[in-house]
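Inspection log for the structure reproduced underneath, given as structure tokens.
Protein chains: 2
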Amino acid sequence: MKGNAVYKRSYNGCLSICETLAPGAEMPSENEISQSLSVSRTTIRAVMAGLEAAGILTRQGASRRLTRRPEPTDAFPDTQTVSTSATVERRFLEWILQGHIGPGHLLTAAELARQFGTSTTIIREHLPHFQHFGLIERRPNSAWLFKGVTPAFAHEIYDVREMFELRAARSFIALPDPSPPWQRMRTIEREHRALLADIDTGYALFPDLDERLHRTVHETADNRFIKDFYDIISMLFHYNAQWDAEDEKQRAFTALSEHLAYIEALLRRDLKAIDRACRQHLKTARSNLLRSIELRLKKPPSL
Amino acid sequence: MKGNAVYKRSYNGCLSICETLAPGAEMPSENEISQSLSVSRTTIRAVMAGLEAAGILTRQGASRRLTRRPEPTDAFPDTQTVSTSATVERRFLEWILQGHIGPGHLLTAAELARQFGTSTTIIREHLPHFQHFGLIERRPNSAWLFKGVTPAFAHEIYDVREMFELRAARSFIALPDPSPPWQRMRTIEREHRALLADIDTGYALFPDLDERLHRTVHETADNRFIKDFYDIISMLFHYNAQWDAEDEKQRAFTALSEHLAYIEALLRRDLKAIDRACRQHLKTARSNLLRSIELRLKKPPSL
DNA sequence: TCCTTGCATTTTATATGCAAAGAGCAAGGC
DNA sequence: GCCTTGCTCTTTGCATATAAAATGCAAGGA
Chain A
28 MKGNAVYKRS YNGCLSICET LAPGAEMPSE NEISQSLSVS RTTIRAVMAG LEAAGILTRQ
88 GASRRLTRRP EPTDAFPDTQ TVSTSATVER RFLEWILQGH IGPGHLLTAA ELARQFGTST
148 TIIREHLPHF QHFGLIERRP NSAWLFKGVT PAFAHEIYDV REMFELRAAR SFIALPDPSP
208 PWQRMRTIER EHRALLADID TGYALFPDLD ERLHRTVHET ADNRFIKDFY DIISMLFHYN
268 AQWDAEDEKQ RAFTALSEHL AYIEALLRRD LKAIDRACRQ HLKTARSNLL RSIELRLKKP
328 PSL
Chain B
28 MKGNAVYKRS YNGCLSICET LAPGAEMPSE NEISQSLSVS RTTIRAVMAG LEAAGILTRQ
88 GASRRLTRRP EPTDAFPDTQ TVSTSATVER RFLEWILQGH IGPGHLLTAA ELARQFGTST
148 TIIREHLPHF QHFGLIERRP NSAWLFKGVT PAFAHEIYDV REMFELRAAR SFIALPDPSP
208 PWQRMRTIER EHRALLADID TGYALFPDLD ERLHRTVHET ADNRFIKDFY DIISMLFHYN
268 AQWDAEDEKQ RAFTALSEHL AYIEALLRRD LKAIDRACRQ HLKTARSNLL RSIELRLKKP
328 PSL
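Residue numbers (the numbering used here), protein chains in the order written: chain A, 28 to 330; chain B, 28 to 330.
The structure is reproduced here in structure tokens:
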């Protein structure tokens with residue numbers, strides 16, 4: 028009734044630990060392992076039993092020793108190590124962002140449960156989450172209205188993003204030079220330069236760098252609502268990026284240059300330059316999103 | 028397994044319709060009633076059957092006629108006309124805002140279900156909602172951390188509120204004079220003057236007026252995230268107001284005056300005055316909230 | 001033709017059941 | 001005295017069950 032993704036993930040985690048051990052060596056204590064994998068000791072004990080059954084470990088009184096090196100086939104496939112809930116979330120967002128349904132479409136929990144092969148419980152737990160994303164709207168005692176990933180959606184999300192980012196930038200420059208965010212920012216600046224120099228082979232690393240830059244700024248605002256909103260943006264962009272790979276290198280290049288102007292202005296504490304660079308960057312990002320949305324609205328459910 | 032709050036609410040709604048009818052008169056069609064009460068015809072049919080059983084209506088072929096005037100005792104009590112879900116939401120917010128638990132407290136779904144007398148299903152559906160409010164934070168596979176209604180919470184919520192309100196005010200003054208929001212605003216201005224003149228007896232009407240003013244402004248921003256955030260604020264204030272009745276009249280008076288300055292600036296399209304009046308008003312509101320929060324932190328769970 | 005009601009089917013709201021995972025205590029070894 | 005394991009009890013994740021409510025269609029009447 029309850030999946031065992033935690034067990035499988037921990038099992039794989041323990042296999043990694045085993046690999047660092049010489050045959051015959053003793054396993055760390057249940058406590059140590061459970062802490063390093065952030066799960067309960069109960070789970071670790073179950074995993075240990077599994078590893079013994081697989082002939083990887085042998086018990087001798089209170090201690091467990093490695094009897095054979097684990098092989099790649101011992102591990103559970105990655106797909107089984109994620110909870111149903113997380114899987115549904117991912118699949119739903121992908122489905123939405125790939126444009127399989129249009130604005131105005133009605134979503135019923137029962138149908139979604141069938142489509143994703145789970146129970147309505149899970150679906151009902153997730154729909155409010157997507158409402159928070161601004162993607163759907165509730166009709167009481169009835170279905171959910173899909174509002175669509177439309178140009179309006181992009182503008183609304185970017186209007187808020189701009190307000191939040193500009194506000195956060197002000198908190199950022201209020202911090203002293205030696206503060207951790209400033210140190211991180213200087214590292215990020217260096218990484219930007221390095222990536223720019225090596226754009227042809229490294230452009231795929233950009234999204235991660237992008238996220239770290241903006242999060243570093245946002246964090247200084249020390250505001251849960253701003254952070255929470257950036258979580259939405261971040262998730263949306265993550266899935267959006269997966270199918271909008273066109274011009275990826277060119278876009279990364281432009282964004283890196285704009286970021287550098289922004290970062291320099293931040294480090295100079297030049298408010299006017301910050302506003303200018305930030306607005307310019309968000310403007311570009313907004314039109315990238317708009318472009319990909321409009322592309323999708325034209326050629327529908329193909330993907 | 029499913030409550031029948033919809034039935035009871037609709038039953039009461041039909042009783043109201045009956046009261047407008049002369050004895051012997053014919054009821055409207057099932058369709059008409061279901062539309063006016065925003066429920067399905069199925070529910071109306073069930074209600075009709077109930078009204079017949081109660082001797083209020085009699086069927087004659089396809090038509091239903093009023094046989095006796097409904098009495099107050101015919102109606103279901105209001106408490107039974109709200110869904111379990113809505114009840115839990117209200118009770119949970121009240122409980123939180125009354126300060127029965129402090130920041131750092133761990134909330135378990137099982138315990139909350141026991142406390143509120145429902146199943147964990149309902150609780151699990153609501154907890155993410157309160158996370159959206161910024162009140163709680165999830166620990167994976169475990170309990171929820173209550174972050175507390177603290178001064179920090181008030182500041183974070185007001186920082187965002189200020190950004191949104193100022194932004195919305197700019198959209199408001201971009202609209203032409205005859206637009207519906209402007210018309211509504213002029214009505215709201217008149218209501219403010221009327222309430223100020225009659226503050227001693229009418230101050231309890233202020234919260235509703237307050238909400239209408241801010242919503243009128245927010246709506247013009249035409250941004251789902253801004254609206255959504257105002258929903259949070261609105262709900263929070265609604266429940267907060269219920270136990271923070273001290274100085275209510277004085278506070279309403281101050282707010283009305285500040286509102287009027289804000290409204291006048293808006294209607295004059297005077298950007299500087301708008302910013303000044305808006306900031307002043309939100310500053311007052313922020314300190315009112317802070318005051319009530321600090322009061323509560325001092326004298327704990329008593330209420 | 002457009003509403004009307006009756007009826008059959010689907011979906012929602014909520015509770016319950018159950019395996020997996022977490023929490024905590026007690027007893028023993030270093 | 002601290003950390004270990006064993007064990008028990010609680011809580012979580014998810015599926016399923018069921019009454020209430022919604023939806024949709026067919027047939028009849030104005």
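Where is the CB? At the ideal position from N, CA and C, for every residue including glycine. Because the structure is a prediction, the values reported are computed rather than measured.
Supposed close pair residue i, residue j - CB separation, criterion 8 Å
i: Arg96 of chain A; j: Glu53 of chain A; result: Not a contact, Cβ separation roughly 15 Å.
i: Ile290 of chain B; j: Ile215 of chain B; result: 7 Å
i: Leu317 of chain B; j: Ala181 of chain B; result: 5 Å
i: Ser261 of chain B; j: Glu238 of chain B; result: 6 Å
i: Asp101 of chain B; j: Ile83 of chain B; result: 7 Å
i: Leu222 of chain A; j: Leu236 of chain A; result: 6 Å
i: Gln158 of chain B; j: Arg166 of chain B; result: Not really, about 11 Å apart at Cβ, beyond 8 Å.
i: His219 of chain B; j: Leu283 of chain B; result: 6 Å
i: Asn31 of chain B; j: Val187 of chain A; result: Not a contact, Cβ separation roughly 40 Å.
i: Cys45 of chain B; j: Leu93 of chain B; result: 6 Å
i: Thr106 of chain A; j: Thr145 of chain A; result: Thr106 of chain A to Thr145 of chain A, Cβ: 14 Å. No contact.
i: Ala170 of chain B; j: Leu134 of chain B; result: 6 Å
Residue range of the beta strand (DSSP E) that includes residue i
i: Ile163 of chain A; result: 163-165
i: Gly86 of chain B; result: Looking at the sequence provided, one finds Arg at residue 86 of chain B rather than Gly. Run containing Arg86 of chain B: 84-87, per the beta strand (DSSP E) assignment.
i: Ser112 of chain B; result: First-last for Ser112 of chain B: 111-124, but that is the alpha helix (DSSP H), not the beta strand (DSSP E).
i: Ser56 of chain B; result: Unbroken run through Ser56 of chain B: none, as it is neither H nor E.
i: Arg91 of chain A; result: 90-93
i: Phe191 of chain A; result: First-last for Phe191 of chain A: 178-201, but that is the alpha helix (DSSP H), not the beta strand (DSSP E).
i: Phe280 of chain A; result: Where Phe280 of chain A is concerned, there is no enclosing beta strand (DSSP E), although the alpha helix (DSSP H) it sits in stretches over 275-295.
i: Phe12 of chain B; result: Outside the displayed range of chain B (28 to 330) lies residue 12 of chain B, so it cannot be described from this structure.
Chain-order list of residues whose beta-carbon lies under 7 Å from that of residue i (same chain, five-residue window excluded)
i: Arg278 of chain B; result: Asn315
i: Thr247 of chain A; result: Ala195, Ser198, Phe199, Leu202, Pro208
i: Arg313 of chain A; result: Ala181, Tyr185
i: Val66 of chain A; result: Val33, Ser37
i: Lys29 of chain A; result: none
i: Phe103 of chain B; result: Lys35, Tyr38, Asn39
i: Glu116 of chain A; result: His153
i: Phe256 of chain A; result: Val187, Phe191
Neighbourhood of residue i by C-beta distance below 6 Å, restricted to the same chain and skipping five residues each side
i: Phe160 of chain B; result: Ile259
i: Val74 of chain B; result: Ser37, Tyr38, Cys41
i: Ala230 of chain B; result: In the sequence under discussion, the amino acid at residue 230 of chain B is Tyr, which differs from the Ala named in the question. Counting only Cβ-Cβ distances below 6 Å, and skipping sequence neighbours, we find Lys276, Ala279.
Cutoff 8 Å; reference residue i; Cβ partners in own chain excluding five residues on either side
i: Glu192 of chain B; result: His241, Val244, His245, Cys305, Leu309
i: Ile253 of chain A; result: Phe191, Arg194, Ala195, His245
i: Ser329 of chain A; result: Any answer about Ser329 of chain A is weak, because its pLDDT of 46 lies below 50 and its placement is not dependable; what the coordinates show is given next. Within the same chain, Ser329 of chain A has no close Cβ partners at all.
i: Ile71 of chain B; result: Ser37, Cys41, Glu57, Ile60, Ser61, Leu64
i: Glu183 of chain A; result: Gly161
i: Glu285 of chain A; result: Ala304, Gln307, His308, Thr311
Where the alpha helix (DSSP H) containing residue i begins and where it ends
i: Phe103 of chain B; result: Element bounds for Phe103 of chain B: n/a, residue is neither H nor E.
i: Ser37 of chain A; result: 32-46
i: Leu322 of chain B; result: 298-325
i: Leu7 of chain B; result: For chain B, the structure presents residues 28 to 330; residue 7 of chain B sits outside this window and is missing.
i: Leu236 of chain A; result: 233-248
i: Ile253 of chain A; result: 251-270
i: Pro155 of chain B; result: 147-159
i: Val74 of chain B; result: 68-80
i: Arg141 of chain B; result: 136-143
Query raised in the report: Should the region 187-207 of chain B be regarded as contacting the region 291-307 of chain B, the criterion being three or more beta carbon pairs within less than 8 Å?
Result: yes
**Report entry** Proximal residues, the region 208-237 of chain B versus chain A, C-beta separation under 8 Å
**Finding:** none
Query raised in the report: Does the region 137-157 of chain A come close enough to the region 135-152 of chain B that 3 or more CB-CB pairs lie under 8 Å?
Result: yes
Query raised in the report: Name the residues in the region 128-159 of chain A whose C-beta lies less than 8 Å from a C-beta of chain B; which are they?
Result: So the list reads Thr148, Arg151, Glu152, Pro155, His156, His159, given in the order they occur along the chain.
Report task. Identify each residue in the region 240-258 of chain B for which the Cβ-Cβ distance to at least one residue of chain A is less than 9 Å, and report them in chain order. Result -> Ala248, Asp249, Asn250, Arg251, Phe252, Ile253, Asp255, Phe256
Query - Residues within the region 183-209 of chain A neighbouring chain B, beta-carbon criterion of under 8 Å - result: Glu183, Ile184, Asp186, Val187, Met190, Phe191, Arg194
Report task. Return the residues of the region 30-62 of chain B that lie within a Cβ-Cβ distance of less than 9 Å from chain A, sorted by chain order. Result -> Val33
Query raised in the report: Taking any Cβ of chain B, which residues in the region 161-172 of chain A have a Cβ under 7 Å from it, in chain order?
Result: Gly161, Asn168
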